[in-house]
Structures are given as C-alpha cells and as structure tokens.
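**Q**
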Amino acid sequence: MFFLHLCLRSRAADSSKAEAEEEEEEEEQRPEGGYLQAVDSAGVPLCLSCQGPCSTTGGAWDTRFCSHRCQEEFQLRSSQTYMRSRVMETEQGVCQQCGLHAHDLFLKVRDAPPPQRKDVLENTWLAQLPLKRLNEMIRAPVEGDFWQVDHIRPVYGGGGQCSLDNLQTLCTVCHKARTAEQAKERSQMRKSAAASKVASDISRFFVRK
Ligand SMILES: [Zn+2]
Ligand SMILES: [Zn+2]
Numbered sequence: 009m010f011f012l013h014l015c016l017r018s019r020a021a022d023s024s025k026a027e028a029e030e031e032e033e034e035e036e037q038r039p040e041g042g043y044l045q046a047v048d049s050a051g052v053p054l055c056l057s058c059q060g061p062c063s064t065t066g067g068a069w070d071t072r073f074c075s076h077r078c079q080e081e082f083q084l085r086s087s088q089t090y091m092r093s094r095v096m097e098t099e100q101g102v103c104q105q106c107g108l109h110a111h112d113l114f115l116k117v118r119d120a121p122p123p124q125r126k127d128v129l130e131n132t133w134l135a136q137l138p139l140k141r142l143n144e145m146i147r148a149p150v151e152g153d154f155w156q157v158d159h160i161r162p163v164y165g166g167g168g169q170c171s172l173d174n175l176q177t178l179c180t181v182c183h184k185a186r187t188a189e190q191a192k193e194r195s196q197m198r199k200s201a202a203a204s205k206v207a208s209d210i211s212r213f214f215v216r217k
C-alpha cells in the first residue's frame with residue numbers, strides 16, 4: 009500500500025516552452041511546479057525513476073532517486089534541454105547516420121550575416137529539406153532545426169529506457185527519414201497484431217463447438 013504525498017519542489021528552470029514547439033511526438037507532458045512522489049508504508053520515499061525505495065540516510069544525492077543513474081535517466085526524460093546538452097557532450101552535434109557536423113553548420117549559419125546564410129546552407133546535406141523549413145532556418149536559425157536527439161531503440165519497440173547510451177544525434181534530414189521509417193514499422197506492427205487477434209478469434213470459434 010502506497011501513500012502519495014506531494015513534494016512541492018520547484019523545478020529547475022527548464023526552457024520547455026521553446027522545446028514544446030519541436031516535433032518530438034513521443035515527449036510526455038510533465039506536471040509543472042512539483043512532483044508527486046510515492047512513499048511506502050514505512051514512509052520511505054520511492055524513486056521517481058524506478059519506484060524502488062530511496063535511501064533516506066542522507067546520501068550525496070537527493071531522496072527523490074535511489075541512485076545517480078536513476079536521477080540521470082529522469083533528467084534526460086524530463087528536460088529536452090538537458091538531454092540535448094548531454095548528447096552534445098559525447099557526439100558534438102555530429103549526425104551518427106551521415107556524419108554531417110550539424111551543430112557546426114548551425115553555428116556557421118547563425119553567425120553568417122543574413123544575406124549570406126543561404127549560401128552557407130546551399131550544397132549541404134540539409135539543403136534537401138522543404139523550402140519552407142529552409143527559409144525559417146535562414147530567417148531565424150535555431151539548433152533544433154539542424155539536429156535532433158534520437159532514441160536508438162525506439163520507445164514503441166521496448167526501448168523506453170532513456171539512458172544516454174540509447175540516445176544519438178541525427179541531423180534533421182536523417183531524423184525525418186528515420187521517423188518516417190518507424191511510422192511504417194509501427195503500422196506494420198499494428199496490422200500484424202490485428203491479424204493475430206483475428207487468428208485467435210477463429211481458433212476460439214473452432215474450439216467452442
Ligand atoms: Zn531508482
Ligand atoms: Zn544525417
């Protein structure tokens with residue numbers, strides 16, 4: 009039996025408003041302003057990440073998490089900004105699919121005088137993006153237009169873990185291609201699930217007499 013108690017801790021300022029406009033469909037909405045943390049019947053708080061009991065003996069990390077690993081996972085899940093900065097540290101904004109230095113390209117475009125931005129983007133891998141999007145990248149370049157963080161094992165494929173080793177950098181072109189591919193995969197999974205349901209209905213029908 010668990011009791012819920014409301015921990016009113018203010019969240020670290022998180023620029024989630026700007027990120028919300030991004031196309032990450034899989035992001036879950038987090039309540040703002042506080043966390044609901046469960047405690048067990050003895051009053052021991054349960055980890056917000058894995059629901060395991062947290063040490064209350066005054067360890068180095070805060071009692072919302074049982075371990076640094078869980079804390080890291082939770083932060084990766086709840087803040088796009090944090091997730092991007094951690095992936096940036098390890099991959100420097102280089103697309104893991106095509107090798108484009110997407111973050112460098114972003115910096116070049118951003119730092120170029122607006123009339124020259126088109127020339128910087130031209131003849132790059134990203135120049136194949138829709139014109140509307142390219143115009144936006146020239147008018148007001150933001151790094152989220154150039155590269156995204158991708159889940160290597162997709163969430164729907166059981167790779168819900170948000171640990172750093174399941175995340176990779178993809179440039180916008182490669183990310184779009186992968187997202188389209190995954191949408192196709194998902195619809196095939198749905199179809200085969202529907203087909204096996206029909207098959208099991210039929211077998212029930214035959215067993216029943
Ligand atoms: Zn945990
Ligand atoms: Zn790429």
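Residue numbers for the sequence shown follow the working numbering, so the first one is 9 and each next one is one higher. Virtual Cβ for every residue (Gly too), placed ideally from N, Cα, C.
1. Quick check on the DSSP output: what are the complete beta strand (DSSP E) runs of length 3 or more inside the stretch 169-199, in order along the chain?
2. Figure out for me which residue from Ala-135, Pro-122, Ala-191, Arg-85 has the closest Cα to the Cα of Pro-149.
3. DSSP on Val-157, reduced to helix/strand/coil?
4. State the Cα-Cα distance for the pair Leu-84 and Ser-93, rounded to the nearest angstrom.
5. Jot down the residue ranges of each uninterrupted alpha helix (DSSP H) in the stretch 92-121, minimum 4 residues, whole runs only, in chain order.
6. Bridge partners of Pro-61, per DSSP?
7. Relative to ligand 2, is the shortest distance from any of its heavy atoms to the C-beta of Gln-105 smaller than 7 Å?
8. In whole angstroms, what is the alpha-carbon distance linking His-109 and Glu-80?
9. Which one of Gln-100, Thr-187, Ile-146 has the shortest CA to CA distance from Ala-120?
10. Should Cys-74 be listed as close to ligand 1, given that the test is whether its C-beta is under 7 Å from any heavy atom?
11. Just how far apart, CA to CA, sit Arg-118 and Arg-125?
**A** Reading from the atomic positions:
1. 175-179
2. Pro-122
3. strand
4. 10 Å
5. 110-119
6. Leu-54
7. yes
8. 26 Å
9. Ile-146
10. yes
11. 8 Å
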